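Notes for the one structure printed next.
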């Protein structure tokens, strides 16, 4: 199956700092989603981004499908950004989401 | 966005009990999924359904079973709970022809 690797595994930030999370995948994909899992376990959809660049407030994401990676940018981080960020992909011609191992983010006040 | 509901949110139960975790969605999505997740770890697909009376096992072997009698409802059942079933269970749905999956709030199950 397709492999999804996220880096770094853990990230500690001071409030106000910027950061970049990376997702590498091993095969062509037709779906890529970024999620934020809050401390209560809820998965929140951040971006559906199989290619290109999107922005939503302080968050933005870029997927370079030909090079098989995606980046999630967090700017001016806030304590509410803490949690686990997951990248998940669907292999081209497939139909099931495969998740990466996540990046655990802690934003300190 | 989809409205997906899961009940109960938290459940502590003894070994050997039968349990059903409920999942329902109000968007008329054809595709529904169950994932299992240990705390802070990646999600693993255990069951999915592409429509009424259609269910398939996912990538991670699970002793649970599912049913899909109505489009909006996708319950998961454990006939005899064991401590190894302790985990978080997340339900998701996806519309036909759409790519995004939307997740419910999850059920955190503890079997003692």
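Chains as they are written, first to last, in the working numbering: chain A, 1 to 109; chain B, 1001 to 1112. Glycine residues also receive a C-beta, built at the ideal position from the N, C-alpha and C atoms. Just so we're clear, the structure is a prediction, and the values are computed from it rather than from any experiment.
Buried versus exposed call for residue i [16 or more other C-beta atoms within 10 Å across all chains shown]
i: residue 29(A); result: buried
i: residue 1097(B); result: exposed
i: residue 1060(B); result: exposed
i: residue 55(A); result: exposed
i: residue 31(A); result: buried
i: residue 83(A); result: buried
i: residue 92(A); result: exposed
i: residue 40(A); result: exposed
i: residue 1046(B); result: buried
i: residue 78(A); result: exposed
i: residue 1104(B); result: buried
i: residue 81(A); result: buried
i: residue 76(A); result: exposed
i: residue 1084(B); result: exposed
Residues near residue i in its chain [Cβ-Cβ closer than 6 angstroms; skip 5 each side]
i: residue 60(A); result: 73
i: residue 1064(B); result: 1076, 1078
i: residue 21(A); result: 72, 85, 103
i: residue 51(A); result: 63, 65
i: residue 1011(B); result: 1109
i: residue 1051(B); result: 1030
i: residue 1021(B); result: 1076, 1089, 1107
i: residue 69(A); result: 24
i: residue 17(A); result: 77
i: residue 1062(B); result: 1046
Cross-strand partners of residue i (DSSP beta bridge)
i: residue 85(A); result: 36(A), 103(A)
i: residue 1045(B); result: 1035(B)
i: residue 42(A); result: According to DSSP, which records beta bridges pairwise, residue 42(A) is partnered with nothing at all.
i: residue 1102(B); result: 1093(B)
i: residue 1022(B); result: 1007(B)
i: residue 90(A); result: 31(A), 97(A)
i: residue 10(A); result: 104(A)
i: residue 1074(B); result: Paired residues: none, contrary to the question.
i: residue 114(A); result: There is no way to answer for residue 114(A), as the model of chain A reaches only from 1 to 109.
Rounded Cβ spacing between residue i and residue j (contact assumed at less than 8 angstroms)
i: residue 47(A); j: residue 33(A); result: 7 angstroms
i: residue 1093(B); j: residue 1037(B); result: Actually they do not touch by this definition, with Cβ atoms about 17 angstroms apart.
i: residue 100(A); j: residue 4(A); result: 4 angstroms
i: residue 13(A); j: residue 107(A); result: 5 angstroms
i: residue 1006(B); j: residue 97(A); result: Going by Cβ atoms, the distance from residue 1006(B) to residue 97(A) rounds to 18 angstroms, so no, they are not a contact pair.
Sequence-distant residues of its chain with Cβ nearer than 7 angstroms to residue i (five each side left out)
i: residue 1054(B); result: 1068
i: residue 15(A); result: 77, 78, 79, 107, 108, 109
Proximal residues to residue i (C-beta, below 8 angstroms), its chain only, five neighbours per side dropped
i: residue 1019(B); result: 1011, 1013, 1077, 1078, 1081, 1109
i: residue 1071(B); result: 1028, 1029, 1030, 1051, 1052
i: residue 984(B); result: Shown here, chain B extends from 1001 to 1112; a query on residue 984(B) therefore has no answer.
i: residue 2(A); result: 25, 26, 27, 29, 89, 91, 94, 98
i: residue 1023(B); result: 1004, 1005, 1006, 1032, 1034, 1073, 1074, 1075, 1076, 1091, 1104
i: residue 1066(B); result: 1034, 1047, 1049, 1055, 1074, 1075, 1076, 1077
Problem set entry | Inter-stretch contact at 8 angstroms, needing at least 3 Cβ pairs: the region 1041-1059 of chain B / the region 1013-1020 of chain B | no
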